[in-house]
Amino acid sequence: MSRGPESAQAQDPSRQHLSPTRSLDIDPLIEDPTTRIVVCCGSGGVGKTTTAAALGLRAAERGRKVVVLTIDPARRLAQSMGIDSLDNTPRRVKGVDDSAGGELHAMMLDMKRTFDEIVEAHSDPERASAILGNPFYQSLSAGFAGTQEYMAMEKLGQLRSRDEWDLIVVDTPPSRSALDFLDAPKRLGSFLDGKLIRVLLAPAKVGGRAGMKFLNVGMSMMTGALGKVLGGQLLKDVQTFVAAMDSMFGGFRTRADATYKLLQAPGTAFLVVAAPERDALREAAYFVERLAAERMPLAGLVLNRVHGSGADRLSAERALAAAENLEDSRIVDQEDGKAGVRNSPETYGSSDSPTSETAEADAERSVDRLTAGLLRLHAERMRLLSREQRTRDRFTALHPEVAVTEVAALPGDVHDLAGLRDIGDRLAAGRPELPETP
Amino acid sequence: MSRLQVVSGKGGTGKTTVAAALALALATEGKRTLLVEVEGRQGIAQLFETEALPYEERKIAVAPGGGEVYALAIDAEQALLDYLQMFYKLGSAGRALKKLGAIDFATTIAPGVRDVLLTGKACEAVRRKDRGGRFVYDYVVMDAPPTGRITRFLNVNDEVAGLAKIGPIHNQAQAVMRVLKSPETAVHLVTLLEEMPVQETADGIAELRSARLPVGRVMVNMVRPEVLDGPGLELAEAVPRSSIARALSSAGLGGARRGGHAERLVDPLLAQAEEYAERYTLETEQRAVLADLGVPLHELPLLAEGMDLAGLYALARELRGQDVS
C-alpha cells in the first residue's frame, strides 16, 4: 500500500506498456469542492456498489459531507454501514474517521416508497390514497421495467435539492442494459405527459361535449383496441390511475428533465465501472460512447478486480516447465534415494539412520511438490494476467481518451468499513497492489 | 427432461455462456434446440461470433452428432405487434397505437406486459409442432433475466392474470403459467464460488420454490483448478523459505542464495499462495452452502484462454459429460 505507482513502475519496466494512456486520479476528483455528484455505472457484477461506497467513505474521511445512494447492496455490506433497514432516508454511517471534518451518510433505495412519497407530496390526501390503492399503480411502483431507474434518478434529484451534502455518490441499478437509467426518466416522463395519456383520459374529459364528438369516436376506438389487448378491467384501472395522477404529470416531466440536466452539469462526474473481462469491458465501451453522445461528463473508468504478480518476470511457460522439472526429479530422487540407502556403507551399521534419511528425502519431496504447486499457481496467475491485459488493451485502443484507475482483486468480498477503506486506497493508488517483494 | 430450460444467474456469472453451452449440449444426436434471448443485449450473437440476431429464428451452430442450435432474440415490441396482427388483424390500428406511444407503453412501462410477451414467445416455441405433429424444437433454452428478477419475470403471468382479469392477455398469461409451473420447465441458476452470487442463488431458489416454479440445477461457473489442497497449503506456511528457494533453484530458476533469482521468487510465490489459500477457504465455505440447497450441483471449469467459440464447445462437452443433457 505504501508503494506509489511511480516507484513500482520504475522497479519493473516490463509493466509499463500495461499502463493506460491516461490514469484516473481519484483523490483530486473527490476532493474538488465543485464535484457534487459522482455516478457509478456499469454492467452487473462488476463491483459498482462497493466502488460507490468506497468512494463515499474516502471522500468523507477527506473532509467532505457525503451521501451514498445505493440500489442493491450486499446484505453484509449494508449491515456494516447501518443501512439495512429500508427507511428510504440517508443515515449517518458510524465508524467513519471525521478528523478532517467530513461525514458519511448512506441510504438504500426503496423504489416503491420513493414513488409513494412523490404521490403523497404532489396530491391531496384523498387523491393520494386513491392512487396508492390502485392495482395498476401498485404493480407499476413495485418494480416493473424502468421504475427502479426512474426512482433512482428521482431520489438523486431529491437529495441534490435538499442541499445538505456537498457530494452525492450514486450507484446505478443493475439493469438489463447498463444504459436504462439514462432512458427511463425520459421514457416514463414522456409517457406520463404524452399523447397516450390524453387518449386514456379522453373518455373522462371530453365525453359529452358535442363539438368533440368526432375526436371522441377516434378515442374510443383506440381505447377499445387497448381494452382488447390489456383486458377491460386493466384499462379501467389504468384510466383511473391516470385520472388521479393527472395533476402530477407536468411535475414528472419537469423533474425528469431537471435530473437529466443535472447529470450533464459540470459538477457531475460519471465513473464507468468494469472488470477486466470481455463482456464487462464491452459494456463499458458502449457506455463511454453513450455518455459522450448524451454529453454526460465522464471522469474515467474504474477497472476492478485486476490481478497482479510480484513475480511477473517469470512467465507462465517457464513456471510450468520448472514445475514439471521438480515433479520429474522427484521420481528420479525417489529412485536415487533407494539406491542411496542400499549402497551407503553407514546404513548397515546404524538402525535409525535409514529412517531419518527417508524422512529427509520425504521432506524434500514434499517441498518439491509444494514448490511445483506454487509454480503452477503462478502460471495460472500469469495466464490470467495476460488475458486481462489483452481485454484491457482492446478497450484502451478503442478509447484512449478515457482515464483509467485499476483496483487489485481481493480474494474475498468486502463487508466492513476497513475493507471499503482498503478499496478506497487501491482506487486512489490507481494500479493493482502487487504481492510484497523483499 | 424438461423441454424449457431457463437459465438465470447473478450478473457477471456467465449465464449467457452457460445457456449457450447448454443449448449446444442438448442438441447432440440430431436434436434441435432453440436458444432464446430476452434482454436485448445480443449476448448470443457475440458469443457465437455472428452479426446481431434479428427477431427471427435462425440457425447459429451445429452440434456434434448433427444437432442444430437455433437462436432468437425476442424483441418485445415486435412480439406485441405480431401478436396484435395474429389475433386482431390490427394492421393500421397497430401503427396508430405505435404512433401514440401505446406500444412503447405496453412493452416498457405497463406492468408486466413486456415480460408476458417474452415468456409467452418462449412457451409458444416450446409447444410449436410441425405438420407431422412433432415438436419443432426438442428443447428451448432461455437466457433469462438475472437471479434477482427471475421469479418475478416468470411469475409475471400470475400477476398479470390478476390485473387483466379478462381478455386475451389474461388468457395468454394463464396458458404461459401452465407451462412454466409444470415439469416441462426447469429453472437453472448460474453462480460463482463467491459469497454474493451464492447468497443470491440461495435467495433465488427460495423465491422460486415459494412461487412454485420448478428449480432445476445450480451451475457453478468458472471454477478454478485446485492447484494446492489443504495439506499443501499448511505446508506452504510451515516450510522454511530457504528450502523453497533451493527447490526453485534445482528446477533451474536461478540462485538460491540470498538475492539470487530463485530466492527472490519465494516471497511473491508465497504471497500468491496466501491469496489462493484465502480464496480456497472461501470457496470451501461456499461449496458447503450450495450443497445445503438440495439442488443438483454442476461445476464448470474456468477456461484459461477466456471465453470463445472453442471454449463454448468445451463447456458443452463438459455439460454432456456431467449428464446435464
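Just so you know, the sequences run in chain order A and B. Just so you know, my numbering puts 387 at position 387 of the first sequence, and the rest follows in order with no gaps. Convert by adding 1000 to the 1-based position in the second sequence; the result is the number in my numbering. All C-beta atoms in this analysis are idealised placements derived from N, C-alpha and C, irrespective of residue type, glycine included. Computed from a predicted structure; not experimentally measured.
- By the criterion of a C-beta distance shorter than 6 angstroms, residue 1260 of chain B is surrounded in its chain by 1254, once the five residues flanking it on both sides are discounted.
- At a Cβ-Cβ threshold of 7 angstroms, residue 375 of chain A and residue 316 of chain A do not count as neighbours.
- With three or more CB-CB distances shorter than 8 angstroms, the region 1060-1074 of chain B counts as touching the region 1027-1044 of chain B.
- Taking 7 angstroms as the CB threshold, residue 62 of chain A stays off the interface with chain B.
- Contact annotation: residue 1311 of chain B and residue 1303 of chain B have beta-carbon atoms nearer than 7 angstroms.
- Membership of residue 65 of chain A in the beta strand (DSSP E) is indicated by the continuous run 65-70.
- Straight-line measurement puts the Cα of residue 1137 of chain B at about 5 angstroms from the Cα of residue 1033 of chain B.
- Taken atom to atom, the span from the alpha-carbon of residue 300 of chain A to that of residue 1167 of chain B is near 50 angstroms.
- In this structure, residue 1221 of chain B lies near residue 1018 of chain B, with their beta-carbon atoms less than 7 angstroms apart.
- Residue 303 of chain A and residue 43 of chain A have their C-alpha atoms roughly 12 angstroms apart.
- If you draw a straight line from the Cα of residue 1016 of chain B to the Cα of residue 1002 of chain B, it is about 19 angstroms long.
- In this structure, the CA atom of residue 1009 of chain B is about 44 angstroms from the CA atom of residue 1247 of chain B.
- At least one CB atom of chain B sits nearer than 7 angstroms to the CB of residue 368 of chain A.
- Approximately 14 angstroms separates the beta-carbon atoms of residue 430 of chain A and residue 396 of chain A; this is outside 8 angstroms, ruling out the contact.
- At a Cβ-Cβ threshold of 7 angstroms, residue 1116 of chain B and residue 1155 of chain B do not count as neighbours.
- Taking all protein chains in view, the Cβ of residue 1062 of chain B is surrounded by fewer than 16 other Cβ atoms within 10 Å, so the residue is classified as exposed.
- A straight-line Cα-Cα distance of about 42 angstroms links residue 130 of chain A and residue 60 of chain A.
- Looking at A:153, A:285, A:284 and A:428, the one whose alpha-carbon comes closest to that of residue 255 of chain A is A:153.
- The three-state secondary structure of residue 1320 of chain B, taken from DSSP, is helix.
- The straight-line gap separating the alpha-carbon atoms of residue 382 of chain A and residue 1276 of chain B is approximately 14 angstroms.
- If you check the CB distance, residue 159 of chain A and residue 104 of chain A do not come in under 7 angstroms.
- Distance from residue 172 of chain A to residue 261 of chain A at the Cβ level is roughly 18 angstroms; contact not present, criterion being Cβ atoms closer than 8 angstroms.
- Within chain B, the residues 1265, 1268 and 1269 have their CB atoms less than 7 angstroms from the CB of residue 311 of chain A, given in chain order.
- DSSP places residue 93 of chain A in no beta strand (DSSP E); its state is neither H nor E.
- Under the Cβ criterion of 7 angstroms, residue 325 of chain A is counted among the residues facing chain B.
- Along the region 1272-1292 of chain B, the positions whose C-beta sits under 7 angstroms from a C-beta of chain A are 1272, 1273, 1275, 1276, 1278, 1279 and 1282, read in chain order.
- Listed along chain A are 314, 318 and 322, each with a C-beta nearer than 8 angstroms to that of residue 1253 of chain B.
- Residue 182 of chain A is classed as buried because its beta carbon has at least 16 other beta carbons within 10 Å across all chains shown.
- Taken through DSSP and simplified to helix, strand or coil, residue 1009 of chain B comes out as strand.
- Taking the CA atoms as reference points, residue 1189 of chain B sits about 6 angstroms from residue 1007 of chain B.
- Residue state for residue 408 of chain A is assigned as strand, using DSSP reduced to three classes.
- Using a Cβ-Cβ cut-off of 7 angstroms, residue 1072 of chain B does not count as an interface residue toward chain A, since no Cβ of chain A sits closer than that to its own.
- The DSSP-derived three-state label of residue 35 of chain A is coil.
- For residue 1172 of chain B, there are no C-beta contacts with chain A under 8 angstroms, since the nearest C-beta of that chain is about 10 angstroms from it.
- Looking at the DSSP output, residue 1032 of chain B shares a beta bridge with B:1068.
- At a cut-off of 7 angstroms between beta carbons, residue 74 of chain A contacts chain B.
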